[in-house]
Structures are given as C-alpha cells and as structure tokens.
DNA sequence: TTATACCTGACGAAATTGGTCGGGTTTTGG
DNA sequence: CCAAAACCCGACCAATTTCGTCAGGTATAA
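Protein chains in written order, with this note's numbering: chain A, 1 to 164; chain B, 1001 to 1164.
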C-alpha cells in the first residue's frame, strides 16, 4: 500500500463520480474540468479502475463512467490499490532467502504495518467520504438502508467511526 | 503524509536501532549490514532524523546513533514525516483561489483523510512495532484512542490544521 | 596521531509522476 | 449512412523522486 498523489487523484475523481452519478454516466471530460485533472491522465487512471471492476464504462455519445458498486461498498483502499501498484519493500521479493537467518526484519514488520494501514483505509468507504464532504455527516447511511441488502461489516463500522 | 519505500527504509532502520541500542550507540555501518541499506543512503536518512530530533549522534570511535527519546515516545508518523517531505496535493497550494466556487473538493477531502492517516500512524510507536516484531504479539495497539472530538468539525478546521 | 565514525555536498542512473499526442473503437442521433 | 461523442490504447516525454556513489570533510577515543 503506497500513498502518493496518484492515489489522491484517483480518489478525488471517484468522489466526484460518486456525487454526480445519480443522473446517468459521468464523462471524464466533466471530471477533468471540475477537478482540474488532465483528461489523458484520467483516462489512464480509469483504465485501471475499470480493470479493477470499480467502475463500468458506457461507450458512445451520452456515455461515460458509472460506479460498479454502491458507494458504501467501495473503499479508499480499493481505489488506491487499483491505481498504485503495491510497493514490494522487502528486497528479497517475498522469498525467504534473505541473507538473515530468520527472514529479514522487514518482512513481518511491513506485513504488519501494511495490514494495519490497509485495515484502516478499507474501513473508509466512498459513501463515508462523500457524506463527510457534503457536511451532512452520517445521514447517507440512513438513505441506503432499504436498498442495500445486508450491510457489510466494513461499511457499517466506518459509518460509526465517522459518526463518533 | 506520503508513504513510500523511503519512509519504510527509515522505519526499518529505526526499528533496528531500537532493538540494539541497549548497549550504547549503534553505528550506521552495522545497520547497513543487517538491513542491507547502503551506508550513504542511511547517512542521508539519519541526517534528517537527527535534524528532526528523533536520534542523537555520538562522533568518533565507539560512536554511533542513539534514540533521542524512549521507544514508546517515537511514532511511525514521526519517522515518516521526518524523511518524506509532505505531499501538498491541493494544487492550489493552500490558497483558496481554486477556480471552483466552494474551494476545490480536494481541499477538505484530503485534509480529513490526511488527518485520519496521521492519527493512525501517530498511534503506533516504535515500542509497539518492536514488541510485535519480536513475536510477542502483545495485543498490538490501543489505537483508535484519540479520534473522538476533532474529526467532525467543519472542514475549515482540518484545513487549518494541515496548513499549520 | 591515527583509526573510527559521523557529516556534508555534489553527482548520477533508474523509476515514477503527470501529462501529451495520435491514433483507434463503439455507439448515438440526424 | 455518417458524423460526432466518448471511451480506449500505446508510445512518448519533461520533471521529479528514489536510491545510491563518491569525495571529501570534522570530531574524538585509544
């Protein structure tokens, strides 16, 4: 899990998409204009997002992008790991042939920290970010109640956290 | 708060230092050998760590580095922000002249997320990492400690915090 | 006084970032 | 049918960052 401006662009674009998609597909051109991200860069990012099944595309005039899942089921971690390839960080490349006797210290160290980071970012959904962004706080969760089916653990937890 | 391999090297080195410093200062050469990080790169990193008052140096033979504070009082966030200059991310550079009417969306969005990230990494101390690393599996962290009050304040506050 | 070890700055190759360009392909609507 | 809208794709590029080398310093214990 790497955290760079690239991931930020992606999350920013996805938040924009979340807030507009109520009326059909959203074009990259519109996102580009609103968020001041170059169209070509957005195309690269959304190519990855599509391949990661986070968005779906509609081609032709009137087309654009839709979220592939409800906002409550897409996490910040999903987005970031879709566009930022994971940094390997353990120079032994996952093997256990590190010269040290008991696996190089970095192994478990980063595995643990990575996991923690991922846990956290996985607990923040697009819905959380959007609702907070709109100043409405937790209201969005109520909105979803009937239509969403059984609420997932991460989303619900995140909602509590934001509410707290 | 950026998260790259550079920060990982720094944390790795600091963990190594933590585990060895019981018997006097630790030389960079020793860390270099154990963690397979080049000596010159370590010197750059420790220059920053020293300037951030996270370590203190002892020159001359028998010298090396010591932690400037007990392991429980140095957090992962301290280390990372010492070596990774913060990513600015809001292309308006903190100004409010973003072309959008109501401050570009990225502003409050990243201020909030940044704050959350920082809260988490600030809740993990070197002592936590080391004890977990040594297989003790001490119930890792008491994280989620602070985040109650400030998080939900209207966006302006978070922005201020980051700007400060 | 010498070896140890920190300290500093300049320099560089490689990767990443953020973006451009020039082409496609699919689909709507006139 | 045909043109325009929009996604799709790969090559390419400047700037920056990453990771590291090199060549010197300076402080200090032995």
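Just so it is clear, CB atoms sit at the ideal spot from N, CA and C, and this is done for glycine as well. These numbers come from a predicted model, not from an experiment.
Under the criterion of a Cβ to heavy atom distance below 7 angstroms, does residue 1068 of chain B qualify as lining the ligand SAM?
-> No copy of the ligand SAM appears in this structure; indeed no ligand is present at all.
For residue 1024 of chain B, which option in B/1128, B/1066, B/1123 and B/1127 has the closest C-alpha, if you only look at C-alpha atoms?
-> Here residue 1024 of chain B refers to the residue found at position 24 of the second chain. Selected option, being the one with the closest Cα: B/1066.
Cβ neighbours of residue 34 of chain A in the same chain (closer than 8 angstroms, five flanking residues each side left out) | Here residue 34 of chain A is taken as the residue at index 34 of the first chain, counted from 1. 16.
Just by C-beta distance, which residues in the stretch 1020-1051 of chain B are closer than 8 angstroms to chain A?
-> Those would be 1034, 1035 and 1036, in chain order.
Classify residue 140 of chain A as helix, strand or coil using the three-state DSSP reduction.
-> As a first step, residue 140 of chain A is located in the first chain; it is residue number 140 there, counting from the start. Bear in mind that a pLDDT of 37 at residue 140 of chain A, under 50, signals an unreliable position, so the model cannot answer this.
Are the CB atoms of residue 1071 of chain B and residue 1121 of chain B nearer to each other than 8 angstroms?
-> Within the second chain, the letter at position 71 stands for residue 1071 of chain B. Within the second chain, the letter at position 121 stands for residue 1121 of chain B. Their beta carbons are not under 8 angstroms apart, which means residue 1071 of chain B does not touch residue 1121 of chain B by this criterion.
Between residue 1001 of chain B and residue 1084 of chain B, what straight-line distance do the alpha-carbon atoms span, to the nearest angstrom?
-> Locating residue 1001 of chain B in the second chain gives position 1, counting from the first residue. Locating residue 1084 of chain B in the second chain gives position 84, counting from the first residue. Near 8 angstroms, if we compare the C-alpha coordinates of residue 1084 of chain B and residue 1001 of chain B.
Can you give me the start and stop residues for the alpha helix (DSSP H) that residue 32 of chain A sits inside?
-> Start at 1 with the first residue of the first chain, and residue 32 of chain A comes out as number 32. Element bounds for residue 32 of chain A: 28-35.
Less than 8 angstroms separating the beta-carbons of residue 9 of chain A and residue 54 of chain A?
-> For the purposes of this step, residue 9 of chain A is identified with residue 9 of the first chain, where counting begins at 1. For the purposes of this step, residue 54 of chain A is identified with residue 54 of the first chain, where counting begins at 1. Not a contact, by the Cβ cut-off of 8 angstroms.
Within chain B, partners of residue 71 of chain A - CB distance below 7 angstroms = One-based indexing of the first chain puts residue 71 of chain A at position 71. Chain B residues near residue 71 of chain A: none, gap ~14 angstroms exceeds 7 angstroms.
Answer yes or no: does any C-beta atom of chain B fall closer than 8 angstroms to that of residue 165 of chain A?
-> Nothing about residue 165 of chain A can be reported from this structure: the residues present for chain A run from 1 to 164 only.
Ends of the beta strand (DSSP E) at residue 1067 of chain B?
-> Position 67 of the second chain, counting from 1, holds the residue named residue 1067 of chain B. Looking at the DSSP string, the run of the beta strand (DSSP E) that includes residue 1067 of chain B is 1064-1067.
Helix, strand or coil: how does DSSP classify residue 1016 of chain B here?
-> Counted from its first residue, the second chain places residue 1016 of chain B at position 16. Three-state result, residue 1016 of chain B: helix.
Under the three-state DSSP convention, the category residue 3 of chain A falls into | As a position in the first chain, residue 3 of chain A is number 3, starting the count at 1. Secondary structure at residue 3 of chain A: strand, using DSSP grouped into helix, strand and coil.
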